[in-house]
Structure formats: C-alpha cells, structure tokens
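Engineer:
Below you can see the structure in the form of structure tokens.
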C-alpha cells in the first residue's frame, strides 16, 4: 500500500519538474522582428525593424523605465548580423537608425560591401534567438524583381540566398547601388505563411498547451474532449478575429495575466475534483474510486462553459502576434483563417499525442494521485506566470 509520504513525494516531484521546465518559459513569442534584405551587384542592405520594448533583452540587465534612443542599441544590432558572400565576409560600411513612432519600433539600416559580385550569400541572425526559442524574425529578400521570404528562429538562425542561380534567370539584373527598390508584393508575409505561423504559435505557446493538458487530465472520454476542444476553438476563433481586425482591444498585460490564471483555474478545478471523489484513504492506498472514474469519463456543463469563457481570453492572446506583423491587405480573411487553422492543427496534434498516454495511465490504480500532483504543479506554474505578467516579480 502506498503511504501518505509516498503520495507527498509524487506531488512534490511533479511540482519540481513542471516549475523547472515551464516556470520561467516564455508563454508566447515575446517579440516578432522583421528584416528586409536588398541585394545589389556586390552590396547588401539590411533593414531591421524591432519593437522598442524588446531590445533591452539583447543587451541584458533590467528593462528601462523609458525607452533609450536607438543609438543605445546600435552596436548590439550590428553584432547581431553577419553577412558572407561565397564564404568571404562582407564589410559593413554604412549604418543609420530611425524611430518608427507609429508602430513603436526602431529601424536599423546596415549596408555591406562584398569583395566580389554576389554569388552565394549567407546571412546569420543572432539577435534574440540565442535565449528566446519563441522569437521569430520575418525575413524578406528583394533581388531585382524577385522576392524570397523566410522565418528565422532558434532552430534556423541563418539564410542562404542562391544569387548565382537567380542571376541565371532570363532578364534578371541586380542594381549597382544598395538602393531600396520598390518591394514586390505586400510588406506583410504571404497569406500561406500564416498557416505555419499559427502552428508555431501554438507549439511554442506553453500556456495554451498547459491549459489544454489540464483540461484533458480529468476528461478521458473522446466525446467529452471533443466538446471541450470545440468550445475552446469556437471561443478563441471569435476573439482572434475581432481583436486582430481591431473591433475589440484589451491591454496585453491584462490578457496575458488572465491566460496565466486560466492555467491555474483548470488545475485547481482538477484538484477539487480529485479530493471530492477520492477519499484520503484511497489516495494513500494509491487507488481510484467509482465516483472519480465516472467523472473523468463524463462531462460537466460548468466545465465546458468555463472553457468557452477562457477560450475567449486565449483568442485575444493569439491575436497579439497578428497585430504585430500585420495582415496582407489583399488577403486579410484568408491569412486570418490560415493562422487559425495552424493553431487548430497544433492544438489537435497535442491532444492526439497526450490522449492515448493519459488513457493508458488512467488504467493504473494510482492515477488520481498523478492527477493531483500534476494539477498542483500546473496551478503553481500558472501563478508564477501571473505574478510575472502582473509585474509583481
């Protein structure tokens, strides 16, 4: 028989593991930056746009109360890029910076001269990606009339541009100066890029994933999970569209704090369910009860309704990335829909992976103890996130 100390050790281990893994993790991409790359015959111009309130993380220390001028971060930005042509480094020969008040960002221009005409260009990106796995840099390459797009991040921090292959195309010609030609197409990513962005957003959005994990810990019937996931999906789809298109506006700090509380709420609800349906003696013995088994294979109206309410909040959080990078004017609805589809694909994949594992674990006698331990850990993680986002720590 399992002793009380054994149950306590199980809960403590779950707390330590989850807090260690997620306690300081970034819940959302903490910033999206953009790099426009303009190619000349032997020159390269980079135009780097970054939110003002993100740059302090590159140099370290504490976040300043007031934003310093862009020159304060110019050296860090210069050191964050490296440009090579055919394996030979290109030389930075000109640079400047500007303030973009309308979007709360700084714009840095870096101009490089390469020792010979461009052939195989490599751009290394080292800002944010070394410490922020959720960071995304939307890179757009303009070479004459040609345009290329890529997303740089922790797992892909460099871009190779086959200029020689582009030059072999009929009527292709690079300008002789590092001028900024009129970019082809939209200044925002193509619509189909948003499918990948949505998928990446949910995969790296640990708070969303932990909220879903908390839901299905005590919901092990497929039809019941379908009800909860549908409620969550419908809710966040509504507010994702409304917030992205500007019909509603909620302060980001409030949204993120409420999302953190949603993780704690679902965790506390799980703990209460276990303690109500499994007597202390059964917990100490490491066994389940008929009441607990009936609950985890059923569905309670209050649970799906509250899931819907919290889904509305999560949808506003999803919209944060889209507001930062913008939607293509010619395909706004398509891009928004594809982003939402990407979120759903990632969400369903996570549930599909976790569901059979939890069903298998639920067959074990000690599953209520596991639920109790994991839920307690989730509650702590949610409260840690809430304290961070509310500015208490």
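Numbering (this note's numbering), first residue to last: 21 to 413.
The beta carbon of each residue, even a glycine, is placed where N, CA and C say it ideally should be.
Given the structure is predicted, the values throughout are model-derived calculations rather than measurements.
Quick test of your reading: residue 358 and residue 261, contact by CB under 8 Å. State the CB separation rounded to the nearest angstrom.
Structural biologist: That pair is no contact at about 13 Å.
Engineer: Leaving out five residues before and five after residue 232 in sequence, what residues of the same chain have Cβ atoms less than 7 Å from its Cβ?
Structural biologist: 367, 370 and 371
Engineer: Here's the rule I'm using: 16 or more other beta-carbon atoms within 10 Å means buried, otherwise exposed. How should residue 144 be labelled?
Structural biologist: exposed
Engineer: Taking its Cβ as the centre, do 16 or more other Cβ atoms sit within 10 Å of residue 243, making it buried, or is it exposed?
Structural biologist: exposed
Engineer: Taking 6 Å as the limit between beta carbons, can you name the residues of its chain near residue 103, skipping five residues before and five after?
Structural biologist: 64, 110, 132 and 143
Engineer: Using the C-alpha atoms, what's the distance from residue 286 back to residue 234?
Structural biologist: 6 Å
Engineer: Reducing DSSP to helix, strand and coil, say where residue 152 ends up.
Structural biologist: Correct three-state label for residue 152: coil.
Engineer: In chain order, what residues of the same chain have a beta carbon less than 7 Å from the beta carbon of residue 76, not counting five sequence neighbours either side?
Structural biologist: 83 and 84
Engineer: Check residue 376 in the structure and name its three-state DSSP category.
Structural biologist: helix
Engineer: Identify the continuous beta strand (DSSP E) that holds residue 144 and give its terminal residues.
Structural biologist: Segment 140-145, the beta strand (DSSP E) holding residue 144.
Engineer: Would you kindly work out how many angstroms separate the C-alpha atoms of residue 294 and residue 305, rounded to a whole number?
Structural biologist: 14 Å
Engineer: Over the uninterrupted alpha helix (DSSP H) stretch that includes residue 233, give me the two end residues.
Structural biologist: Boundaries of the alpha helix (DSSP H) harbouring residue 233: 226-237, taken from the DSSP string.
Engineer: Over what stretch of residues does the beta strand (DSSP E) that includes residue 181 continue unbroken?
Structural biologist: 178-182
Engineer: Between the beta-carbon of residue 130 and the beta-carbon of residue 141, is there less than 7 Å?
Structural biologist: no
Engineer: Nearest to residue 94 by alpha carbon, out of 106, 126 and 381?
Structural biologist: 126
Engineer: For residue 187 and residue 99, what's the separation of their Cα atoms in angstroms?
Structural biologist: 29 Å
Engineer: Based on DSSP bridge pairs, tell me the residues matched to residue 125.
Structural biologist: In the DSSP assignment, residue 125 is bridged to 71 and 120.
Engineer: Taking the Cβ atom as the reference point for each residue, do residue 333 and residue 278 lie within a distance shorter than 7 Å?
Structural biologist: Residue 333 places its beta carbon less than 7 Å from that of residue 278.
Engineer: With 16 as the cutoff for other CB atoms within 10 Å, does residue 90 come out buried or exposed?
Structural biologist: buried
Engineer: By a C-beta neighbour count over all protein chains shown, 10 Å radius and 16 as the cutoff for buried, is residue 388 buried or exposed?
Structural biologist: Buried.
Engineer: Does DSSP classify residue 334 as helix, strand or coil?
Structural biologist: helix
Engineer: Is it buried or exposed for residue 123, if we count other Cβ within 10 angstroms and need 16 for buried?
Structural biologist: exposed
Engineer: Quick check: what's the CA-CA separation for residue 275 versus residue 336?
Structural biologist: 7 Å
Engineer: In chain order, what residues of the same chain have a beta carbon less than 8 Å from the beta carbon of residue 379, not counting five sequence neighbours either side?
Structural biologist: Hits under 8 Å: 240.
Engineer: Bridge partners for residue 1 per DSSP, in chain order?
Structural biologist: Shown here, the chain extends from 21 to 413; a query on residue 1 therefore has no answer.
Engineer: Leaving out five residues before and five after residue 290 in sequence, what residues of the same chain have Cβ atoms less than 7 Å from its Cβ?
Structural biologist: 234, 237, 238, 391 and 395
Engineer: Return the first residue and the last residue of the alpha helix (DSSP H) that residue 303 is part of.
Structural biologist: Unbroken alpha helix (DSSP H) run through residue 303: 300-305.
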